[in-house]
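The next block holds one structure in the form of structure tokens; read it before the comments.
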Amino acid sequence: MSIKINNSGISNISSDTDRIYTIYKGDKLIKFNYTPVVNYIFRDIDENGNLTLATGNLEDGSEITKISDYEMYYAFYLNNGLTGSVNLSKVKQIGRGGLSQAFSYCTGITSVNLSSLITVDAYGLSGAFYSCTNLSSVNLSNLKEIKGELGLQTAFYNCTSLTSITFNNLESIYGNSLEKCFSYCSNLADIYFPALKSTSNVRSNSFNSMLTYNRNVCRIHFPSNMESIMSSWASVTNKFGHYSQSDVSVLFDLPATE
10 MSIKINNSGI
20 SNISSDTDRI
30 YTIYKGDKLI
40 KFNYTPVVNY
50 IFRDIDENGN
60 LTLATGNLED
70 GSEITKISDY
80 EMYYAFYLNN
90 GLTGSVNLSK
100 VKQIGRGGLS
110 QAFSYCTGIT
120 SVNLSSLITV
130 DAYGLSGAFY
140 SCTNLSSVNL
150 SNLKEIKGEL
160 GLQTAFYNCT
170 SLTSITFNNL
180 ESIYGNSLEK
190 CFSYCSNLAD
200 IYFPALKSTS
210 NVRSNSFNSM
220 LTYNRNVCRI
230 HFPSNMESIM
240 SSWASVTNKF
250 GHYSQSDVSV
260 LFDLPATE
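The numbers in this note's numbering rise by one with no breaks, and the one at position 136 of the sequence shown is 145.
Right, dumping it as structure tokens:
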């Protein structure tokens, strides 16, 4: 699929599927979508910018700086033609439901760059990369706060090529934000939370069911000073809902944050 957005609207449209997507430029409707409730809105693309999928990559998404409420809700759902990298490297904020189910079942995606993302609101990344079975690299290095319920619920559900992920700067996790986030990630070996602090807004249910349905060996890493706070939490003692609790190691082996 190739889509070009400019001052006069949209041109150069081609697709090998029957799927047609809605695109808004500001408040101007550019194109319609076959899915009933899709809003795929690029408010921050330069007036002469392009959204180009001709090579199979969402590379020009790098011009987007904010995704507001439901703006990319179900945007590329079931689009097997989208391959390679999803580059949203300038996005700093995702609103309520902003990327919910946006790339679900996009089995051609191999990497996601959300390296500038700081905050995610409720449902912001819920199911965003659900069953992206070839996704092996995720950059959320600046994510600091998940400030609404179910912010990352099922975000990477059944991402079977994902082997590790690090939340380098994540300090605040609203309750149950990670529910089933990594369920069925059969090759996920390590998850790192190096920035959590005793003063962080992290609740006892923040990690509830994070690994539900998993059967793989997995290690969850936290700062050493969090052991006295988290070790008795039910979500920790039941190994985040993992199918085989003996296969999960909860390690407080990262440098203390205070």
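All C-beta atoms in this analysis are idealised placements derived from N, C-alpha and C, irrespective of residue type, glycine included.
Counting C-beta pairs closer than 8 Å gives fewer than three between the region 171–188 and the region 112–124, which falls short of the contact rule. The three-state secondary structure of Thr142, taken from DSSP, is coil. The shortest C-alpha to C-alpha distance from Val211 to any of Thr221, Glu236, Asn234 and Glu180 is the one to Glu180.
The beta carbon of Thr266 sits closer than 7 Å to those of Ala204, Leu205, Lys206, Pro232 and Asn234, all from its chain and outside the five residues before and after it, given in chain order.
With fewer than 16 other CB atoms across the displayed protein chains lying within 10 angstroms of its CB, Ser237 is exposed.
As DSSP reads the structure, Lys75 sits in a beta bridge with Gln102. Around the beta carbon of Ala198, fewer than 16 other beta carbons lie within 10 angstroms, which makes this residue exposed. Going by beta carbons, Asn148 and Thr116 fall outside the 9 Å limit. Counting only the Cα atoms, Ser145 lies some 13 Å from Phe191. Going by DSSP, Ser258 is part of the beta strand (DSSP E) stretching over Val257 to Leu263. The beta carbons of Tyr183 and Ile155 sit closer together than 9 Å. Secondary structure of Gly107 (DSSP, three-state): coil.
Of the candidates Gly157, Ala137, Leu126 and Leu152, Leu126 places its Cα closest to the Cα of Ile73. Beta-bridge partners assigned by DSSP to Ile182: Ile155 and Val211.
Scanning Ser170, Ser213, Asn196 and Thr246 for the CA closest to the CA of Leu187 turns up Ser213. Taking a contact as a CB-CB distance under 8 Å, the pair Tyr82 and Ser113 does not count as one, their CB atoms being some 11 Å apart. Here the C-alpha atom of Val95 lies approximately 34 Å from the C-alpha atom of Met239. In the displayed model, Asn122 falls within a strand according to three-state DSSP.
Rounded to whole angstroms, Gln102 and Ser150 show a C-alpha spacing of 14 Å.
Scanning Pro264, Leu263 and Asn223 for the CA closest to the CA of Asn247 turns up Asn223. The C-beta of Thr163 has 16 or more other C-beta atoms within 10 Å across all chains shown, which makes the residue buried. As for any beta strand (DSSP E) of minimum length 3 sitting wholly inside the region 203–252, the runs are 227–232, ordered along the chain.
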